[in-house]
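Undergrad: The structure is given below, and queries will be raised subsequently.
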Amino acid sequence: MASLKPVMLDTSTEVARNSAMQQLEEQGYVLIRPVSLPTDTAELERYLTIAMVLLGRTISKSAAYVTLEGCGDDKPLAIHSESVYATAGITPYFALGCVVPAETGGETSVYNGKQACAIIERDHPEIACTEIEYFSRAYPRENAVHPLCNRSSLRYRGQVPENYIRHQGRGIQDADLYKTVDTILERSLLVRHRWQRGDILLINNKITLHGRMPYKGRRVLVRVRFDDPLNISVRY
Ligand SMILES: [Fe+2]
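Be aware that the sequence shown starts at 31, since it is given in the working numbering, and climbs by one per residue.
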């Protein structure tokens with residue numbers, strides 16, 4: 031694992047903002063902990079949404095925000111590239127902000143896609159040429175085919191019914207393919223972030239993948255996708 035300790039930044043100055051963006055490109059993610067937070071939950075949701083939208087103005091032309099609320103899941107969310115199913119291509123960057131952390135679990139894991147791609151090309155060339163078609167229940171008109179190794183990184187979503195393997199090496203079973211890729215991604219773990227109220231995680235979706243651990247209790251996050259091919263809430 032390259033780093034277990036997230037980077038904490040105050041982005042109120044230009045220098046800090048530039049440093050955050052540099053880390054976003056080099057490390058693939060950056061953790062931002064605002065200096066002071068509203069105590070009211072609804073206010074915090076608005077505050078985080080605005081803060082994240084403002085963060086994206088130097089790296090994108092638009093932002094799309096949504097509140098994600100869940101009340102427990104005993105299974106992990108499959109490791110994936112954000113919006114991997116979008117016909118127009120993946121969203122290059124996105125951010126998550128924590129309004130209510132789960133009672134237990136619910137960590138977001140971030141994986142090094144470049145490292146995983148290099149391991150696959152070196153140790154498992156028989157699966158490097160795999161192509162998977164991705165669909166989405168939420169967006170039934172969208173679908174996209176991606177080669178596993180794409181521009182020196184990985185485009186991928188772990189095994190779910192909305193994946194369809196279009197091309198893979200002879201004699202390789204689907205379950206073995208997913209198990210191999212998931213194992214390589216776990217070896218390429220950058221951070222497993224345990225959420226605190228007010229945390230913002232800004233993620234470079236071009237060079238990382240992410241997933242979510244099982245959790246108990248209510249969990250509320252705001253998600254902002256930048257240059258999302260499917261939705262626009264704000265244009266810069
Ligand atoms: Fe995601």
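The beta-carbon is built from N, C-alpha and C at its ideal position, and this holds for glycine as well.
Given the structure is predicted, the values throughout are model-derived calculations rather than measurements.
1) Note down, one range per segment and in chain order, each beta strand (DSSP E) of at least 3 residues found wholly within the region 152–228.
2) Since residue 71 is in the alpha helix (DSSP H), which residue starts that stretch and which ends it?
3) On the three-state DSSP scale, how would you describe residue 54?
4) Consult DSSP for residue 92 and reduce its assignment to one of helix, strand or coil.
5) Nearer than 7 Å: is that true of the beta carbon of residue 110 relative to any heavy atom of ligand 1?
6) Taking the alpha-carbon positions, what's the residue 252 to residue 163 distance?
7) Below 8 Å between beta carbons: does that hold for residue 256 and residue 100?
8) Considering only heavy atoms of ligand 1, does any lie closer than 7 Å to the CB of residue 240?
9) Beta-carbon separation of residue 59 and residue 232 under 8 Å?
10) Figure out for me which residue from 83, 133, 117, 207 has the closest Cα to the Cα of residue 262.
11) Can you grab the Cα-Cα spacing for the pair residue 166 / residue 117, in whole Å?
TA: If we stick to the structure as given:
1) 161–165, 173–177, 193–197, 219–223
2) Here the alpha helix (DSSP H) through residue 71 covers 71–85.
3) DSSP places residue 54 in helix when its eight states are reduced to three.
4) strand
5) Look at residue 110: its beta carbon is less than 7 Å from one of the heavy atoms in ligand 1.
6) 28 Å
7) no
8) Because some heavy atom of ligand 1 lies under 7 Å away, the Cβ of residue 240 counts as near it: yes.
9) yes
10) It is 83 whose Cα lies nearest to the Cα of residue 262.
11) 11 Å
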